[in-house]
């Protein structure tokens, strides 16, 4: 194979990959005529953002960020494929003239092709500003500007230009799919008890569909914002055959319905799935019952309040490429150990070892994770989800260094991350109990604690949870207690100080865990595990361009081929 054939093969493979690149889950046409399409993805942990710009032209293309939507002060890249080969430069505009080339080149070109009247330019940069001529990308909407020419002579663009405001890091698509409708699953005239904490469960059916539909958006439908702390919807196994309502977690309250379909927490808003995935309902999914769980946090213990809260589901018959699902990970909710008082920074851990998934599923798949919702209660301060492969940490799936109990939402990861079967996921929660004088036990109440992370992924599997819990016998023995009574007495009577808190903390981390994987039918696998060391991964430094285009093309192809099994 000659050099030209090899290059054409590389470019063809790049183009094919770009059409379904899981690292570029978001997409917007920047112009009304759909001549300019931007795809992007980001990694807030690494601090990088990836763009792919496709323009219907064989000339130069420009893209950038503008403070006010015009040229002045804009951060711009210009590229194309000319008679002498490819060109790509990082620039800034000082007025309505050709942008000036930056002295420091902070955009990294990954590939640049021109074919059939289209120019495709893929490039990466840091989310933060790298120099005075770069604009930082923030959580707020930004004014994106574009321009292009019909030749490679960069000149003033009278008509082929435009501006569009897009929130790149908090993107919410505005396009409604064909045949879009919605249905609600809510409480109906429920009288909220005058309890500080109350969980109410309602077993009911969803609307019936002759063939499968895809849910693409979930919205909270909350009628008492001061009472409702969270709402969840679970799919029930076939043995649940009748509708009813009952207080949750008291036995006979639909506890066997544990495959999460939707989650919402206080402070969160609507959640939109990426365009390649939808939550399935109807058709082969089955005519099943669902359990709606609403947690009421009645701080004033008010009596006589009536509630109709729940969730609204937007769906379409235009099916997407993948069925999506939710997997619950973290620390199992069970009695046995507590967070001590007077602790400035106390850690708990929940381990999911995906090597055990084949023990409950016949044909398991790797998980393509695209969104996460992390959850603790009032003393939670941080939540991290670490990703391990072959015994070594390779990434964080998600990190919240400033967890806020009053603002819980499903967070898009910015790109799709592959969790291969055999990988381990560690959910680490940090708590502050300096203002508490008694133990904080794990539990359902808002004053108790949890450490959970719900992973949104595709392709869907009949999985409910992958969680762990410390081996209590090992824990009691390591802390010098012979039985449960001695252990509880020790916990309650201990004079907690920095030394005793640290001893307990280190014991919890080093002892063996019971890792539990449960499927949709409540079949479980129970296996031992150990907590790995979770480290902070430093973010990537500012990008530097200038690599040879041939090497970048080869790297891009290798990344494309590797995307099915790694990041």
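In the numbering used here, the protein residues as written are 123 to 689. Note that beta-carbon positions come from the ideal geometry of N, C-alpha and C, so glycine has one too.
Query raised in the report: Within the present structure, is the beta-carbon of residue 605 separated from the nearest heavy atom of the ligand ZN by less than 7 Å?
Result: Absence of the ligand ZN is noted for the structure shown, with no ligands found whatsoever.
Report task. Measure the C-alpha to C-alpha separation of residue 562 and residue 311 and round it to an integer number of angstroms. Result -> 34 Å
Query - residue 493 classed as buried or exposed, judged by whether at least 16 other C-beta atoms fall within 10 angstroms - result: buried
Report task. Check each candidate in 507, 446, 440 and 495 and name the one with the smallest Cα separation from residue 470. Result -> 507
Query raised in the report: Taking the C-alpha atoms as reference points, what is the distance between residue 517 and residue 510?
Result: 7 Å
**Report entry** Distance between beta carbons of residue 272 and residue 170, contact taken as under 8 Å
**Finding:** Actually they do not touch by this definition, with Cβ atoms about 32 Å apart.
Query raised in the report: Between 275, 300, 356 and 368, which lies nearest to residue 336 when the distance is taken from Cα to Cα?
Result: 300
**Report entry** Beta-bridge partners of residue 282, as assigned by DSSP
**Finding:** DSSP, once it has assigned bridges, lists no residue as partnering residue 282.
Query - Sub-8 Å separation of residue 597 and residue 633 beta-carbons - result: Less than 8 Å divides the Cβ of residue 597 from the Cβ of residue 633.
Report task. Please say whether residue 230 and residue 213 have beta carbons closer to each other than 8 Å? Result -> no
Report task. Express the C-alpha separation of residue 612 and residue 564 in angstroms, rounding to a whole number. Result -> 17 Å
Query raised in the report: Where residue 380 and residue 520 are concerned, what is the direct C-alpha to C-alpha distance, given to the nearest angstrom?
Result: 23 Å
Query - Residues bridged to residue 612 [DSSP beta-bridge criterion] - result: Per DSSP, none; premise fails for residue 612.
Query - residue 488 to residue 327 span [Cα, whole Å] - result: 30 Å
Requested in this report: Compute the Euclidean distance between the alpha carbons of residue 592 and residue 414, then round it to the nearest angstrom.
Outcome: 29 Å
Query raised in the report: When the distance is taken between beta carbons, is residue 551 closer than 8 Å to residue 589?
Result: In this structure, residue 589 lies away from residue 551, with their beta-carbon atoms at least 8 Å apart.
Query raised in the report: Is residue 668 helix, strand or coil by DSSP?
Result: Annotation note: pLDDT 47 at residue 668 (below 50); position unreliable, coordinate value reported separately. Reduced to three states, the DSSP call for residue 668 is coil.
Query raised in the report: Does the stretch 382-394 come close enough to the stretch 339-346 that 3 or more CB-CB pairs lie under 8 Å?
Result: They touch, by the three-pair rule.
Requested in this report: Quick one: grab the DSSP three-state call for residue 647.
Outcome: strand
**Report entry** Status (buried if at least 16 other CB within 10 Å, exposed otherwise) for residue 639
**Finding:** buried
**Report entry** Straight-line Cα distance separating residue 389 from residue 476
**Finding:** 31 Å
Query raised in the report: Just to confirm, are residue 646 and residue 473 a CB contact at a threshold of 8 Å?
Result: Not a contact, by the Cβ cut-off of 8 Å.
Query - Where residue 630 falls: helix, strand or coil (DSSP) - result: helix
Query - Cβ-based burial, residue 292 [other Cβ within 10 Å; buried from 16] - result: exposed
Requested in this report: Please state whether DSSP places residue 359 in a helix, a strand or coil.
Outcome: coil
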